[in-house]
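Below is one structure; the comments refer to it alone.
Numbering (our numbering), first residue to last: 59 to 1207.
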């Protein structure tokens, strides 16, 4: 019976837990149904909660020691804003030194886990808690060697940074030292620890904030080893980057110090009969090893040599790097045998003092060292030998170091241009196949003496020459600047012969100073005129592609106006078509006539002439490509008066304030002279609209895209040029004329003062409410104009127009697609970018930035736009208003703009924000707009904007669901962000939200929320519902589940995004609740108690004796002695207590 009753109670307990779990599952199903079957998901991604950070102790971070008093790992909240409570423990021992009491010591720190980023301190934390409690600032070891011991004085500076009354134990180590005396300087207390652990050697206790200076007089033993004498001493740990200083005086002859990773030798100086060693020690161990070299030592374990052979003109240069490893330290001199036939040009090295030939031994050199060499001696040698230009043999050997046990090395042969090098089999030499890279052939030798010989065969060079001649005509002389571009196909060019039979007849003279620096000619300047040829040689053989420049001058009489022109050629060269460029001074007009028209053709695309002066480029009159073999040309020139021609084009637009915007472009062409001042006549009706002194504000003027400030003198605008100009000059004017609607108005325009306009063209872009009225001035439309209404007049002084009232709302042009991007950083600083795409001509594009923003960069069709070039105009009164001056483009155009806010706006945990995007003028329409929003890490979109359409959908990534853009959006974005990528605006990996709209986007409102708050609210609501189900039995019913489902469905009509956003944290809270229920069920065992019932009394009297007549007797069951009362705890407050008699059939045995 007991087991059966227990099983029933356990089943009741488990049934209640299963009911709670089923209610949770039903609730989660309702939330999932509401979130997943919504018509349009618009909520943001909810990443998992960030991991918890870890606070690290300051003493462990210092890496020096641990304070004597153990501090708790968690800092208690401060009692006030200015005081931090201190924790102390009862001292357990009394120190022997001056310290009155010693707290319980803690073991020294042996290391700490590196902390990548220290979290910010709480607002009430004292500054002392943010820095280590103490650190060793300086450690200086001074002393000298006395026999088999080092007598040292250690000076240690310790800084205690906290004024908390605690004592700190500092491990000084110094295990090998024998301390004789100590000295102290400071305001605190100190003393050695005598009852602490001895693993760290000497431990010293300090107390009191400030600097403590401790001096210890001691000695340490000197070890003897085969390598020399050694001093080993353990040192206290210092902060990272701090080194201990060592000053040690070693008596005896000069020493050689072995290098060590933790020991840096700064200097070794001789002081009488001793050596003063100055060094730095990094780490906690001083390991100094030195030896005394013998008087003479010339034996070496190994000599490694690396040689590179190159050819320079008539010499062969060998550059050798030799590394010698002495058998014992203290080498003072080295003997080397030089290669046969080579001369020593230079010998350098770290320890080299001088070098001299050895008497009686030809080809041998003795190298003297400044001081005894260490473990390695490096020598750098430069040698050279004569080179036979006709070929022959090249031999290399030598660089022998006597008494060296092993000698090996590598010989690298640079490509000898124009020669074929065939190696012969040599003694102890073999080819190194791995070294043949980039024209270098390598050989290695394994023993000395080695020898390698090459057979040198000269190759006949094959090359082509492409000439470019620039002929300049000036008063009384002709100047021919020639550039010959050599293209060597095989071999190398060391000399070339220039042929010019007509040089003497035409009296050309060579300017020797004009020859290229690496080329040489005969010192006889008249060689070309006397023999008709010129031999040009190069200092080094030339291969590949190179240039040769020279200048020739021909003097003319004052009345010469024509001449015959021939050009020089190179012998044995493949002739390529030469280019002839003719330039003349401003006042000359030239003609160039070939004997055969087929020998010359004008260049449709002029050659790039960046190497010519700018003034010469402006004076070019002819560019011809001649045949490789051509007859002489006839050149004639004559002076001409200066001529100026002009052309004007005007564009009319309606501005937002009802005025007509005039954009006038005037192109000047100046020939046979230079122009220094531009002048333009202002019509009287335009001059009357300009107040005195406001010319620069009334008319905006640029010259060749450079801003210019005009001045008005007697009704004429004068604009001086920075320097006299010739050629084409483009001037741009912009001004506005007030007109009335439906009335004919005369629009004035500027006319050049130095030239007449043969015709004036007026452009009216499509959609502008402006019409030209036909008058007697001869304005005629051009019906074939493809992109705008075009009118032309030849003798007009103004433009009669009418502003149509019915078309005042017509858009000037249309932006086909606009892309906007808004990015916020953690501080709330906004960075934005936009890109516009359109087709057609849009020369003036006004744009207004959001308030408090500044422009960073702009570009049009891959070209950067700048304010200095007049392409971006910023209104000084309204810096946010920009006007882009764009060139005329017939096809598609794209404009990108990068800007940012000047003041950050901090985020709140739940933040409501309004974004203003760059705004175009009212006469510009936008067909489609796209917008991207990037939020800082840890922040997500809570409520998306209502006036745009989302371009993302939910996707599963592992265990989490996140949002990602659609494929169609990504394809469209790649097309719309080409110009922005050139400005450096790229898509990053943060939380990015994509939206689109039909038409423009100007203002957007949205809400964001931090990730921690999202997890808190989502998981918190889930846990709250679980607590409700557990505490209120009435909620564990199907009716409550249906009410909850209806409530979520009703709320999703208005708050769909928050429900979807909280779904993942809610799932997390539900899983945690179920895990808690399961753990509680398994970890709480059932408690069973038994109550003993004493045996029953004698049988009760019959019922008739107890109840009156006619009354219904009560049933009384007697229980024999020995029956028990059993109660099961944990079944709930309503669990009954069952009592059965011992012989009852309900009780099982």
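We put the CB at the ideal spot given by N, CA and C, even for glycine.
Quick caveat, the model's predicted, so the values are computed rather than measured.
Where residue i sits in the DSSP three-state scheme
i: residue 390; result: coil
i: residue 249; result: strand
i: residue 296; result: coil
i: residue 872; result: strand
i: residue 614; result: coil
i: residue 1088; result: helix
i: residue 840; result: strand
i: residue 459; result: coil
i: residue 1078; result: helix
i: residue 656; result: helix
i: residue 182; result: With a pLDDT of 41 at residue 182, under the threshold of 50, the modelled position of this residue cannot be trusted; read the value that follows with caution. Of the three classes helix, strand and coil, the one that applies to residue 182 here is coil, per DSSP.
i: residue 1102; result: helix
i: residue 1072; result: helix
i: residue 1093; result: helix
i: residue 1037; result: helix
i: residue 777; result: strand
i: residue 1110; result: coil
i: residue 472; result: strand
i: residue 756; result: helix
For residue i, the residue or residues it bridges with in DSSP
i: residue 902; result: 943
i: residue 384; result: 358
i: residue 278; result: 208
i: residue 787; result: 726
i: residue 566; result: Answer is none; residue 566 lacks a bridge partner.
i: residue 465; result: 361
i: residue 647; result: 696
i: residue 479; result: 514
Run of the alpha helix (DSSP H) containing residue i, from where it starts to where it stops
i: residue 1026; result: 1025-1034
i: residue 1116; result: 1114-1141
i: residue 743; result: 742-745
Span separating the alpha-carbon of residue i from that of residue j
i: residue 816; j: residue 703; result: 9 angstroms
i: residue 987; j: residue 804; result: 40 angstroms
i: residue 832; j: residue 922; result: 42 angstroms
i: residue 905; j: residue 894; result: 11 angstroms
i: residue 533; j: residue 599; result: 40 angstroms
i: residue 720; j: residue 857; result: 11 angstroms
i: residue 378; j: residue 500; result: 14 angstroms
i: residue 109; j: residue 1058; result: With a pLDDT of 38 at residue 109, under the threshold of 50, the predicted position of this residue should be treated as unreliable, though the coordinate-derived value follows. Cα-Cα distance, rounded: 42 angstroms.
i: residue 1073; j: residue 1086; result: 20 angstroms
i: residue 1014; j: residue 1070; result: 21 angstroms
i: residue 482; j: residue 513; result: 7 angstroms
i: residue 336; j: residue 306; result: 7 angstroms
i: residue 1117; j: residue 999; result: 13 angstroms
i: residue 507; j: residue 459; result: 10 angstroms
i: residue 212; j: residue 407; result: 38 angstroms
i: residue 1018; j: residue 1127; result: 15 angstroms
i: residue 643; j: residue 401; result: 56 angstroms
i: residue 277; j: residue 201; result: 9 angstroms
i: residue 1031; j: residue 958; result: 21 angstroms
i: residue 421; j: residue 457; result: 10 angstroms
Continuous beta strand (DSSP E) stretch holding residue i: start and end
i: residue 676; result: Looking at the DSSP string, residue 676 is not in any beta strand (DSSP E); the run it does join, the alpha helix (DSSP H), is 672-676.
i: residue 1044; result: That residue, residue 1044, is in no beta strand (DSSP E); it is neither H nor E in DSSP.
i: residue 504; result: No beta strand (DSSP E) contains residue 504, which DSSP labels as neither H nor E.
i: residue 338; result: 332-339
i: residue 831; result: Segment: none, residue 831 is in no beta strand (DSSP E) and carries neither H nor E.
i: residue 438; result: 435-444
i: residue 405; result: 401-406
field: Complete alpha helix (DSSP H) runs within the segment 569-641 (minimum length 4 residues, chain order)
entry: 585-589
Unbroken stretches of the alpha helix (DSSP H), 4 residues or longer, contained in the segment 995-1028: none
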